[in-house]
Amino acid sequence: MKLVQRVYLREVFSGLGLTARHFFRNMGRHVAHALGRKDARGAVTVQYPEERRPYSPRLRSLHRLVRREDGSPRCVACMMCETVCPARCIYIVAAEHPNPEIEKVCQEFTIDLGKCVFCGYCVEACPEDAIRMDTGILEFSSYSREGMIYTKEMLLALEPAGLDGRPGSPIPIPPDRTP
Amino acid sequence: MTATLADVGIALGRVAFVMLFVLNLGGLMTWVERKQSAIMQDRIGANRASIFGFRIMGLLHPLADAIKMLTKEEFYPARADRVLFSLAPFVSVFFALVAFASIPFGDTLRVAGREVPLQALTFNVGILYVFAMLSLGVYGVMMAGWSSANNYALLGGQRAAALMITAEVAIGASIVGVVMVYGSLNMMDIVRAQGPLLGGWLPKWGIVTQPLAFVLFLTAGIAATKRIPFDMPEGESEIIGYFVEYSGMKFGLFVMADFLETVVISGMTVSLFLGGWQIPYLEPAGFVFPWGATVALPGLAVSLLQVGAFVLKVVVMIWFLMLIRWTLPRFRYDQAMRLGWLGLFPLSIANIVLTGAALLLWGAR
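Top to bottom, those sequences are chains U and S.
Going by our numbering, the final residue of the first sequence carries number 181, and the count climbs one at a time with no gaps.
Going by our numbering, the final residue of the second sequence carries number 351, and the count climbs one at a time with no gaps.
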């Protein structure tokens, strides 16, 4: 090593210069932000519960069941998703429809998120476009296994995420996860 | 010599100012540490603690810390020496707190026929006092390491002792140059001697007359605070350190002691090398600029300006020490020892010799 490197002092000051530059640049932006320049950002932090990163449109998030115009589920209980599911987390109970021209409807449609691997095969397999994974909701943790089970009514109530990736419906909080 | 009520009041006021100044700066430093490191690293920093929804830039986090520390369980290891174990953090904090006492924060104030020296402790050998108190603080650390009955804590305590001796020798030797130039061990006299101008425009601050000693003192001073880059006593990634068995407010006191020592080192650096309470071109009667302009000021305003300048300098110095702490990686134990004994110590001896030669040649005092 050269003497100037062994003395270490020059490198110390170059490092201090780097961090000090960041400090003053960010400090200036913070001050500008506080003075009203709302586009000045002194940090790259995304303050998560209030702010969310924009998600990719192909993100596979919490499932939802798509509704027809009359509000009934599009699902026809064909069992394709239940069959293709590698984690076997979908449980469908089919029922007769009063109209004899309609073969069957789903009476129960339950997803056990504790088992789900979020592969998205159910979405691909569905011939009716009845299940999608576009809610943008990632927060479905629970203290119990029961809290991970989502029923047909819960899945039907969910809305798709907006264009910016923000969830369109409130995040479903399991009853055992009181905030 | 009878002490009147006013004398007692003035003395108490001086002590209270220093005490509150050091304690508040030490408490604020937990906030400064979080926020400054965050800003340096393009982050926001702790900002969630709130009272009734008011967050005030995370300033409530030190308060939340204190409440948390005070309400936590105090744990004593089974084989610990309970007396020393309890005493250690208080020893650490006590010496860090009293060390600031003889650092002057303003020129002698003359009000109503009284002379009030603006420092808590007027002392002929003030510089040695600060130095002694700073090094006594390491006893708390050693006590903590030994009394915990934990090998890692003991290692931390030993490292702290070794580091403190290394730093102390370098601090002591680098101070000698300053003492030689200004010809006094009294902190007030040293600061006052930094007032005159060299060549009519350059303040005779320690950093001008003793640049090498400044670097050496600062390096050794950072080592004395036991913070990164000299945090071998803690060694978070290897031995956790001398306070590994501590919990609750006792642990908090050790952290506090590190912060207080940083304040003391800042105060020392400012007083010895950055002109203490001196403002360039500010004379007792007002500003006298080298190009001839003068601004007359009343005596009290001058004093206030001086105290303000001292506080500002200390704060900037703390900022700089924090910048170092959040920039540099830590030294390995042997590297720190080599730096101390083969780098700082010989250089500070050389500085003494050079200063002596320069004083002999030019006879400048």
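Ideal Cβ positions, reconstructed from N, Cα and C, are used throughout, including at glycine.
Since we're looking at a predicted model, the values are computed, not measured.
Contact check for S:A209 and S:S334: beta-carbon distance about 13 Å, past the 8 Å limit, so the pair fails to qualify. Using a CB distance cut-off of 8 Å, U:L18 counts as an interface residue toward chain S.
U:N28 has a beta carbon lying within less than 8 Å of a beta carbon in chain S. With contacts defined as CB atoms closer than 8 Å, S:R311 and S:R213 qualify as a contacting pair.
According to DSSP, S:L268 shares a beta bridge with S:F273.
Within the region 16 to 94 of chain U, the alpha helix (DSSP H) runs of at least 4 residues that lie entirely inside it are, in chain order, 82 to 86. If you compare the alpha carbons of S:G253, S:A159, S:F259 and S:Q196 with that of S:A344, the shortest gap goes to S:Q196. No Cβ-Cβ contact shorter than 8 Å links U:R66 with U:R168. In this structure, U:L157 sits near U:F111, with a CB-CB distance shorter than 8 Å.
S:R316 is not bridged by DSSP to any residue.
Between S:A66 and S:M323, the CB-CB gap reaches or exceeds 8 Å.
Inclusion of S:Q105 and S:M5 in the CB contact set at 8 Å is not warranted, their separation being larger than that value. S:I161 and S:M129 have their alpha carbons spaced roughly 28 Å apart. When CB distances to chain U are screened at a threshold of 7 Å, the residues of the region 307 to 322 of chain S falling below it are L309, I310, W312, T313 and L314, in chain order. For the pair of segments examined, the region 122 to 142 of chain S was found not to touch the region 306 to 321 of chain S: the number of CB pairs separated by less than 8 Å stays below three. For the options U:K4, U:A79, U:G164 and U:A97, the alpha carbon positioned closest to that of U:A127 is the one of U:A79.
From the beta-carbon of S:I304, no residue of chain U is found nearer than 8 Å; the closest lies around 14 Å away. Contact between S:F259 and S:F331 is ruled out by a C-beta separation of about 19 Å, above the 8 Å threshold. Nearest neighbour of S:F76 by Cα position, chosen from S:A243, S:A279 and S:L268, turns out to be S:A243. For S:M26, the residues of chain U that pass the 7 Å Cβ criterion are T21, H24 and F25, in the order they occur in the chain.
Its chain contains D93, G285 and V288 as the residues whose beta carbon lies nearer than 8 Å to that of S:P270, once the 5 sequence neighbours on both sides are disregarded; these appear in chain order. For S:T280, there is no enclosing alpha helix (DSSP H); the enclosing beta strand (DSSP E) covers residues T280 to A282. Only residues of its own chain outside the window of five on either side were considered, and among them L171 and N172 have a CB closer than 8 Å to the CB of S:V111, listed in chain order. Going by C-alpha positions, U:P177 is about 44 Å away from S:G12. Nearest in C-alpha terms to S:D51, of all of S:T16, S:G262 and S:L268, is S:T16.
By DSSP's assignment, S:L95 forms a beta bridge with S:V102. About 6 Å separates the beta carbons of U:R179 and U:S144, which is inside the 8 Å limit, making them a contact pair. Taking 8 Å as the cut-off, the Cβ atoms of S:T152 and S:G326 count as close. Contact note: U:V46 reaches chain S through D28 and R29, using a C-beta cutoff of 8 Å and chain order.
A check of alpha carbon separations from U:P172 across U:A159, U:D166 and U:R147 identifies U:A159 as the nearest. The residue from U:V107, U:P51 and U:M82 with its alpha-carbon nearest to that of U:I92 is U:M82. With distances taken between CA atoms, S:A24 lies nearest to U:R27 out of U:R39, U:R27 and U:L37.
Exposed is the label assigned to U:V95, since fewer than 16 other Cβ atoms lie within 10 Å of its Cβ. Nearest CB-CB separation between U:V14 and chain S: below the 8 Å threshold. Counting the other Cβ atoms within 10 Å of the Cβ of S:R20 gives 16 or more, which makes it buried.
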